[in-house]
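**Q** Numbered by this note's numbering, the letters in the sequence shown go through residues 9 to 267 in order.
Every residue, glycine too, gets a C-beta built ideally from N, C-alpha and C.
Nothing here was measured: the structure is a model prediction, and the numbers come from that model.
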Amino acid sequence: MRRFLMLFLVIIMTFLSGCSQKELKIATTTSLENSGLLEFIIPYFEDEYGINVSVIAVGTGAALELGKEGEVEILLVHDYDREVTFVDDGYGLYRANIMYNDFILIGPTPLNATTLNDALIEIKENHSFYSRGDNSGTHSKELSLWEEANLDVSTFGDFYKETGQSMGSTINMTSLSGYYTLSDRATYLSMKDNVELVIAYENREELKNQYGVIKVNPELYTKTDEYADLFYDWILRDDIQELISTYQKYEEQLFYPNA
Numbered sequence: 009m010r011r012f013l014m015l016f017l018v019i020i021m022t023f024l025s026g027c028s029q030k031e032l033k034i035a036t037t038t039s040l041e042n043s044g045l046l047e048f049i050i051p052y053f054e055d056e057y058g059i060n061v062s063v064i065a066v067g068t069g070a071a072l073e074l075g076k077e078g079e080v081e082i083l084l085v086h087d088y089d090r091e092v093t094f095v096d097d098g099y100g101l102y103r104a105n106i107m108y109n110d111f112i113l114i115g116p117t118p119l120n121a122t123t124l125n126d127a128l129i130e131i132k133e134n135h136s137f138y139s140r141g142d143n144s145g146t147h148s149k150e151l152s153l154w155e156e157a158n159l160d161v162s163t164f165g166d167f168y169k170e171t172g173q174s175m176g177s178t179i180n181m182t183s184l185s186g187y188y189t190l191s192d193r194a195t196y197l198s199m200k201d202n203v204e205l206v207i208a209y210e211n212r213e214e215l216k217n218q219y220g221v222i223k224v225n226p227e228l229y230t231k232t233d234e235y236a237d238l239f240y241d242w243i244l245r246d247d248i249q250e251l252i253s254t255y256q257k258y259e260e261q262l263f264y265p266n267a
């Protein structure tokens, strides 16, 4: 009887061990996590395939580093040039556009400017600004906007400060300080009720925010890439793209599918 119980326990432990291995690790941006979209769509993947998804939310730069180190199998990020370089350098097998929204400038009051360059100049001359300062996709976009406006952040004075924090934390700091910052629209709308900030400037075309999915090269990690393949194909499926398009805050669509 005792031998039978021992055998039974071994079988149960083996079964549970096999179940625990059905896990997929994804690195994503804090802005995408803060928006609530992943919390909305990932349970559909988990229910369909019985795979537990573990999400690590960091800036795009840190997410790409996790991919290079083989710590994750999938990346959901938003810095196109760095994403393409990641794949070209052999760290990713392939990449696809999955969806987009837009960046906005937010602050305590609307800006008077009618162009993006004028909006940035108005902030520089009359207000204070919080930068993510964390090598994220949003930080990268923000730096490119100053550069396109012929403004050199290395010469900026006290009006310009770096938070080194996630999008959500930066928005909270911006609200408390009465500063301005650059945010993706989705994260701002997800926090709108809890902050004293308005959309100070917007232009959907020139501030487009493209998100991509990357399958990390499986040679960088020891696990099978079967679950990564499933997720990569899943998020590009027509029905999941439609699901993404249904995600709303304040009756406003937050993401627009590409595939």
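Give the single residue among N60, L119 and L84 whose Cα lies nearest to the Cα of L244.
**A** In the sequence shown, residue 244 corresponds to position 236, counting from 1. Measuring from the Cα of L244, the nearest candidate turns out to be L84.
**Q** Count the other CB atoms within 10 Å of the CB of V98; is the residue buried (16 or more) or exposed (fewer)?
**A** Translated into the one-based positions of the sequence shown, residue 98 becomes position 90. Per the sequence shown, the amino acid found at residue 98 is Gly instead of Val. With fewer than 16 other Cβ atoms within 10 Å, it is exposed.
**Q** Need the endpoints of the alpha helix (DSSP H) that R90 sits in, please.
**A** Locating residue 90 in the sequence shown gives position 82, counting from the first residue. Counting along the chain, the alpha helix (DSSP H) containing R90 begins and ends at Y88 to D96.
**Q** Go through the segment 126-174 residue by residue and report every complete run of the beta strand (DSSP E) that reaches 3 residues or more, in order.
**A** Correct list: 137-139 and 168-170.
**Q** Between Y229 and E81, which are expected to be in contact by the criterion C-beta below 8 Å, what is the C-beta distance as a whole number of angstroms?
**A** As a position in the sequence shown, residue 229 is number 221, starting the count at 1. As a position in the sequence shown, residue 81 is number 73, starting the count at 1. That belief holds up - the Cβ atoms of Y229 and E81 are roughly 7 Å apart, short of 8 Å.
**Q** Check T36 in the structure and name its three-state DSSP category.
**A** Mapped onto the sequence shown, residue 36 falls at position 28. If DSSP states are grouped into helix, strand and coil, T36 belongs with the strands.
**Q** Rounded C-beta distance between Y258 and K200? I'm assuming under 8 Å.
**A** In the sequence shown, the residue the question calls residue 258 occupies position 250. In the sequence shown, the residue the question calls residue 200 occupies position 192. About 7 Å; that satisfies the 8 Å criterion.
**Q** In its own chain, which residues sit with a C-beta less than 6 Å from the C-beta of G78, not counting the 5 before and 5 after it?
**A** As a first step, residue 78 is located in the sequence shown; it is residue number 70 there, counting from the start. If we look at G78 and ignore the five residues flanking it on each side, its Cβ neighbours are L228 and Y229.
**Q** Exposed or buried, K216, counting other C-beta atoms within 10 Å across all chains shown (16 or more means buried)?
**A** Position 208 of the sequence shown, counted from the start, is the residue given in the question as residue 216. Burial call: exposed.
**Q** Can you tell me whether DSSP reads D55 as helix, strand or coil?
**A** To locate residue 55, count along the sequence shown from 1; it is residue 47. Reduced to three states, the DSSP call for D55 is helix.
**Q** Going by DSSP, which residues form a beta bridge with F239?
**A** Numbered from its first residue, the sequence shown carries residue 239 at position 231. Looking at the DSSP assignment, F239 forms no beta bridge with any residue, so it has no partner.
**Q** Looking at the structure shown, is E31 part of a helix, part of a strand, or coil, going by DSSP?
**A** By 1-based counting over the sequence shown, the position of residue 31 is 23. It is a strand residue.
**Q** For the alpha helix (DSSP H) containing T189, list its first residue and its last residue.
**A** Looking up residue 189 in the sequence shown gives position 181. Careful: T189 lies outside any alpha helix (DSSP H), inside the beta strand (DSSP E) at Y188 to D192.
**Q** Are the CB atoms of T178 and Y138 nearer to each other than 7 Å?
**A** Within the sequence shown, numbered from 1, the residue matching residue 178 stands at position 170. Within the sequence shown, numbered from 1, the residue matching residue 138 stands at position 130. In this structure, Y138 lies closer than 7 Å to T178 by Cβ.
**Q** From which residue to which residue does the beta strand (DSSP E) around K200 run?
**A** Position 192 of the sequence shown, counting from 1, holds the residue named residue 200. K200 -> no beta strand (DSSP E), and no H or E assigned at all.
**Q** What does DSSP give as the partner residue(s) for K231 in the beta ladder?
**A** Residue 231 sits at position 223 when you count from the first residue of the sequence shown. K231 pairs with nothing; no bridge assigned.
**Q** Pull the bridge partners of V224 from the DSSP assignment, please.
**A** Against the sequence shown, residue 224 aligns to sequence position 216. Beta-bridge pairing links V224 to G100.
**Q** Which stretch, first to last residue, makes up the beta strand (DSSP E) that contains A65?
**A** In the sequence shown, residue 65 corresponds to position 57, counting from 1. Looking at the DSSP string, the run of the beta strand (DSSP E) that includes A65 is N60 to V66.
**Q** Can you have a look at D192 and say buried or exposed, based on whether 16 or more other CB atoms are within 10 angstroms of its CB?
**A** The residue labelled residue 192 in the question sits at position 184 within the sequence shown. Answer is buried; the Cβ neighbour count reaches 16.
**Q** Does the beta-carbon of N202 have 16 or more other beta-carbons within 10 angstroms, so that it is buried, or is it exposed?
**A** Numbered from 1 along the sequence shown, position 194 holds the residue referred to as residue 202. Its Cβ having fewer than 16 others within 10 Å, N202 is exposed.
**Q** Relative to the alpha-carbon of Q256, which residue among D87, F239 and E47 has its alpha-carbon at the smallest distance?
**A** Here residue 256 refers to the residue found at position 248 of the sequence shown. Nearest C-alpha to Q256: E47.
**Q** Can you name the start and end residues of the beta strand (DSSP E) that L83 belongs to?
**A** Working through the sequence shown from its first residue, we reach residue 83 at position 75. From DSSP, the beta strand (DSSP E) with L83 extends over I82 to V85.
**Q** I'd like to know whether the C-beta atoms of M107 and P226 end up nearer to each other than 7 Å.
**A** Sequence index remark: in the sequence shown, residue 107 carries index 99 (1-based). Sequence index remark: in the sequence shown, residue 226 carries index 218 (1-based). No.
**Q** Is it the case that the Cβ atoms of F263 and I248 are separated by a distance below 7 Å?
**A** Translated into the one-based positions of the sequence shown, residue 263 becomes position 255. Translated into the one-based positions of the sequence shown, residue 248 becomes position 240. No. Outside cutoff.
**Q** Quick one: what does DSSP say G115 is sitting in, helix, strand or coil?
**A** For the purposes of this step, residue 115 is taken as the residue at position 107 of the sequence shown. Of the three classes helix, strand and coil, the one that applies to G115 here is strand, per DSSP.
**Q** Could you give the DSSP three-state label for N105: helix, strand or coil?
**A** On the sequence shown, position 97 is the one that residue 105 refers to. Here N105 sits in strand by DSSP.
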